[in-house]
Each structure stands twice: as C-alpha cells, then as structure tokens.
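Residue numbers (the numbering used here): 223 to 347. We put the CB at the ideal spot given by N, CA and C, even for glycine. Computed from a prediction, not measured in an experiment: that's the story for all the values here. Structure record follows, encoded as structure tokens.
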C-alpha cells in the first residue's frame, strides 16, 4: 500500500485553485473549478482540492477550514516563509524549531485550512 492522494475541502474553488497553483506553485494536473475539484502535482503525491457547496450537510461543511495534517517539505523554512508572507499568505506564527530537530511553520489557505511547511534536520554523518 502507498499513500498517493490527499484531499482538502474549500467553499471557493476558483480562489483556492489560484492559491495552490499561483501562490504555492503546485502544477495543476487535472480537473477544473466547474468540475468541483482540482488535482495538483504535490511531488510524489497528488493534492485534490474539492468544492463543498454552501448547502451541503453540516458534516461536509465541517471539512472546510481545519487542520489538515499535511506538510510540504522545504529545504529552508525561513526563506519559504518570507517568500509566502510577501505574497500575502497568512501564518499562525513564526517558524519554530521542534524538539525532534526540524522546523515547522503553519500557513492558512484561503478557506482557513491549515497546512505546514517542514524543514527536516540535517542528518549527522
């Protein structure tokens, strides 16, 4: 078994699509706003961004604007943080070193979904 796809839910799919493609720089692989989903190339995985209609049931509405548990690996969190801040991306705070040695920064997409940038510690030789 291999994990190949993650899903994020939004109310404004055209706005989210612009954010993931233009701001985060993820190439669009498939889908369109009018199809109700977009699929982005996120390295070894695909990221599916799906529309949740305003009239959807409460359990579907609860999927929008939450912690996703998804992390994007970056070589330098501080540089990527600075770059995205300059583009207007909101973060929950400054990048922080973790007890395990890595550095994390949590950002928000336009729907309020939380994603993380992660810089893994250098391995000792």
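For residue 288, no beta strand (DSSP E) run applies, since DSSP gives it neither H nor E. Short of 6 Å from the beta carbon of residue 325, and not among the five residues preceding or following it, lie these beta carbons of its own chain, in chain order: 299, 317, 319, 341.
Under the rule that a run must span 4 or more residues, the alpha helix (DSSP H) segments found entirely inside the segment 246-300 read 280-283. By the criterion of at least three beta-carbon pairs nearer than 8 Å, the segment 230-242 is in contact with the segment 264-274. For residue 226, the secondary structure class from DSSP, reduced to helix, strand or coil, is coil.
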